[in-house]
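Visitor:
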Amino acid sequence: MKNHKKINPENLIETLELPKDLILGMPVISLTGNCEILIENHRGITDYSEHQMIVLSKEFRIQIDGECLNVEYYTGESMKIRGQIHQITFLP
Amino acid sequence: MIQFLYQKLRGYVYVRFSGKNARRCMNLCVRQNISLWKICVLSEEEFCFYMYADDIWLCRPMLRKTHTQIKILKRYGVPFFTFHYRKRFFFPLALAAVCLCILYYSGFVWKIEVIGNSNISEDTMITYLQEKKAGFGSEINKIDCPSLELAIRQDFDAVIWSSVYIRGTKLIVELQENINQQNDTAQTFSDPTECLDLVAAKDAVITSIITRSGVPYVTEGQEVHKGDLLVSGCQEIRDDSGEVAQYYYQSADADVRGIVIYEYKDNIPVHWQEESETGQKRTHFCIGWKDWFFESPAVFPVYENSHVMEEYHQLHLADNFYLPFFAGKKTYREFEYTTQTNSEETAADKAKQNLDQFLSNLEQNGVQIISKNVRMIKRSTNYVITGEIKACESIAVPTPTAQKEIPQEGTTTDEHE
Chain Z
16 MKNHKKINPE NLIETLELPK DLILGMPVIS LTGNCEILIE NHRGITDYSE
66 HQMIVLSKEF RIQIDGECLN VEYYTGESMK IRGQIHQITF LP
Chain D
2 MIQFLYQKLR GYVYVRFSGK NARRCMNLCV RQNISLWKIC VLSEEEFCFY
52 MYADDIWLCR PMLRKTHTQI KILKRYGVPF FTFHYRKRFF FPLALAAVCL
102 CILYYSGFVW KIEVIGNSNI SEDTMITYLQ EKKAGFGSEI NKIDCPSLEL
152 AIRQDFDAVI WSSVYIRGTK LIVELQENIN QQNDTAQTFS DPTECLDLVA
202 AKDAVITSII TRSGVPYVTE GQEVHKGDLL VSGCQEIRDD SGEVAQYYYQ
252 SADADVRGIV IYEYKDNIPV HWQEESETGQ KRTHFCIGWK DWFFESPAVF
302 PVYENSHVME EYHQLHLADN FYLPFFAGKK TYREFEYTTQ TNSEETAADK
352 AKQNLDQFLS NLEQNGVQII SKNVRMIKRS TNYVITGEIK ACESIAVPTP
402 TAQKEIPQEG TTTDEHE
């Protein structure tokens, strides 16, 4: 009887050194100090206020807490948020 | 900057989305590749942001689907601007005329910049370029920069390197001068194709002569006149019979110093007219095109005597894109003549200042002052200062050696004509 092992895609991607953001659709988050955050591969905004913002991604939600938060630009590929960022939390 | 220009050309609007599902509508718009920027939250159900004007048509299905109301608050960009001024026909015509004018003028040189010059003045270079048909107003297509570089190097001895290039409508001439050319006699003498004699630059009595190469023709204490041969670069080689068999040419090199007498003359008038400004001034504004300048009409009559100060600025759209339009102002400062009298003491002071300046100029040129004998005589209208200045200086100047023919057998030749 043949022994079929289940292949973990993350392990395969790591072995092949493929970019995870392209294959798995993971978000790419670039933070500049505590005043600017650039999120790529997002799926939209679920909550938006001056103090809290929740951005949806493929696997999880990104909660950004801060003050005077505003979206500098918002396109299908990326979004840039400016303001005083206090905390970034990843919610399931 | 490019992003800003793109936004202005495409046209964009500042809109407000309001409704229970405004945020969802916004997300759906983004899913349709509609770009939003500078999103501002007014309340839970109201968002304001900028978007491209033509994207409004794309987001209409999403607005209907989410029951969201849209309100355009402001419009920006060229499409709205042209729509607003659609009835003003002359405006686009004038705009087109200006664009054509700029396009036409971009084919000519309207600014010349000379970099790296020290002895050659900018005016000299501009005049030279004008003669070479590469001056102000010349066609860019007809200017041959490499040949111009070569011509500059050939026509200006002091220039050892030159670069000519055109940026926009500006012709840039970069030069490198040999600033030690005056003292660098070794370079002149080292030229193997040219042999040089040393001749007297002025009448003098020789005080010292140190010959490094060549045949000396003068001795210490000898009186020489301007143009007399001091050191010859032509050396005779005689055969056993004492006749000239051959001439050996080399560049003469020597330090020849002599005592030179300078005649000094100066004239200081007893009465002279001084231009004293009254403090009155008027400014007229001017505009110019090429060589034509139009001055704003003078409301008040122009002063009888005035100093004029002109200040012009050339119009340029970028650092290197100059146009033949000028704007500036002319300032007229009134002055009046007042007759002043020089007393004997002030005349003596002025005469001393002028003499000191004269001596200082001589010393800067390497002349050593030995003695001076100057006196001042008062006449009816002026003071006359005359005198003699005895100085010691180098009097040798190089001049090309005259080539001599080798004498035939049985004939004699003068050593130097």
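Going down the list, the protein sequences come from chains Z and D.
If you use this note's numbering, the first sequence corresponds to residues 16 to 107, in order.
If you use this note's numbering, the second sequence corresponds to residues 2 to 418, in order.
Ideal Cβ placement from N, Cα and C applies to all residues, glycine included.
Since we're looking at a predicted model, the values are computed, not measured.
Applying a beta-carbon distance threshold of less than 8 Å, which residues of chain Z neighbour Lys39 (chain D)?
Guide: In chain order: Asn85, Val86, Glu87, Tyr88.
Visitor: Residues of chain Z with a CB under 7 Å from the CB of Glu24 (chain D): which are they?
Guide: In the sequence on display, residue 24 (chain D) carries Arg and not Glu. By Cβ distance, chain Z contributes Ile60, Tyr63.
Visitor: How long is the line joining the alpha carbons of Leu172 (chain D) and Asp267 (chain D), rounded to whole angstroms?
Guide: About 45 Å.
Visitor: Here's a check: name, in chain order, each residue in its chain whose Cβ is nearer than 8 Å to the Cβ of Gly255 (chain D), leaving out the five neighbours to either side.
Guide: Checking the displayed sequence, the identity of residue 255 (chain D) turns out to be Ala instead of Gly. Within the same chain, Ala255 (chain D) has close Cβ partners Leu199, Ile210, Ile211, Thr212, Arg213, Ser214, Gly215, Pro217, Leu231, Val232, Ala397.
Visitor: Going by DSSP, what residues sit across from His226 (chain D) in a beta bridge?
Guide: DSSP lists no partner for His226 (chain D).
Visitor: Under 8 Å by Cβ, that's how I've got Glu275 (chain D) and Gln341 (chain D) pegged, so tell me the actual separation to the nearest angstrom.
Guide: Confirmed, Cβ separation roughly 5 Å.
Visitor: Please report how far the alpha carbon of Pro193 (chain D) lies from the alpha carbon of Ser139 (chain D), in whole angstroms.
Guide: For Pro193 (chain D), the pLDDT reaches just 46, beneath the cut-off of 50, and the residue's location in the model is therefore unreliable, although a value from the coordinates is still provided. Pro193 (chain D) and Ser139 (chain D): Cα-Cα distance of roughly 41 Å.
Visitor: With distance defined between alpha-carbon atoms, name the residue in D:Tyr304, D:Phe326, D:Ile161 nearest to Ile1 (chain D).
Guide: With chain D running from 2 to 418 in the structure shown, residue 1 (chain D) is simply not present.
Visitor: Are Val368 (chain D) and Thr387 (chain D) touching if we call contact CB-CB under 9 Å?
Guide: Cβ distance not < 9 Å, so Val368 (chain D) and Thr387 (chain D) don't count as in contact.
Visitor: Quick check: the Cα distance between Tyr12 (chain Z) and Met94 (chain Z), rounded to an integer number of angstroms?
Guide: Lying before the first or after the last residue shown, residue 12 (chain Z) is absent from chain Z, which here runs from 16 to 107.
Visitor: Between the C-alpha atoms of Ser395 (chain D) and Thr208 (chain D), what's the straight-line distance to the nearest angstrom?
Guide: In a straight line, the C-alpha of Ser395 (chain D) is about 10 Å away from that of Thr208 (chain D).
Visitor: Taking the alpha-carbon of Lys75 (chain D) as reference, which of D:Leu94, D:Tyr86, D:Tyr53 has the nearest alpha-carbon?
Guide: If we check each option's Cα against that of Lys75 (chain D), D:Tyr53 comes out closest.
Visitor: Would you say Asp91 (chain Z) lies against chain D (beta-carbon separation less than 9 Å)?
Guide: For clarity, residue 91 (chain Z) is Gly in the given sequence; the question names Asp instead. Yes, because at least one Cβ of chain D sits closer than 9 Å to the Cβ of Gly91 (chain Z).
Visitor: Anything in chain Z within Cβ reach of Ser36 (chain D), meaning under 9 Å, just list it in chain order.
Guide: The contacting residues are Tyr88, Tyr89, Thr90, Gly91.
Visitor: Using a Cβ cut-off of 9 Å (strictly closer), state whether Arg168 (chain D) contacts chain Z.
Guide: No - not a single Cβ of chain Z is within 9 Å of the one on Arg168 (chain D).
Visitor: State yes or no: is the beta carbon of Val16 (chain D) nearer than 9 Å to at least one beta carbon in chain Z?
Guide: Closer than 9 Å: no.
Visitor: Going by other Cβ atoms of all chains shown within 10 Å of its Cβ, with 16 needed for buried, is Val31 (chain D) buried or exposed?
Guide: Buried: at least 16 other Cβ atoms inside 10 Å.
Visitor: Between the C-alpha atoms of Asn306 (chain D) and Gln281 (chain D), what's the straight-line distance to the nearest angstrom?
Guide: Approximately 11 Å, taken between the alpha carbons.
Visitor: Going straight from the alpha carbon of Ala135 (chain D) to that of Pro401 (chain D), what length do you get?
Guide: Approximately 35 Å between the Cα atoms of the pair.
Visitor: Of all Cβ atoms in chain Z, is any one closer than 9 Å to the Cβ of Glu45 (chain D)?
Guide: Yes, because at least one Cβ of chain Z sits closer than 9 Å to the Cβ of Glu45 (chain D).
Visitor: Secondary structure at Ile288 (chain D), three-state DSSP: helix, strand or coil?
Guide: Strand, per DSSP.
Visitor: At a threshold of 8 Å, does Asn142 (chain D) count as lining the ligand HEM (C-beta to nearest heavy atom)?
Guide: Ligands displayed in this structure: none; no statement on the ligand HEM is therefore possible.
Visitor: Using beta carbons (cut-off 9 Å, strictly below), is Phe455 (chain D) in contact with chain Z?
Guide: An answer regarding residue 455 (chain D) cannot be provided, because it is not within the stretch 2 to 418 covered by chain D.
Visitor: Return yes when the Cβ of Asn343 (chain D) is within less than 9 Å of the Cβ of Thr170 (chain D), no when it is not.
Guide: No. Outside cutoff.
Visitor: Helix, strand or coil for Leu10 (chain D), going by three-state DSSP, please let me know.
Guide: Residue state, collapsed to three classes: helix.
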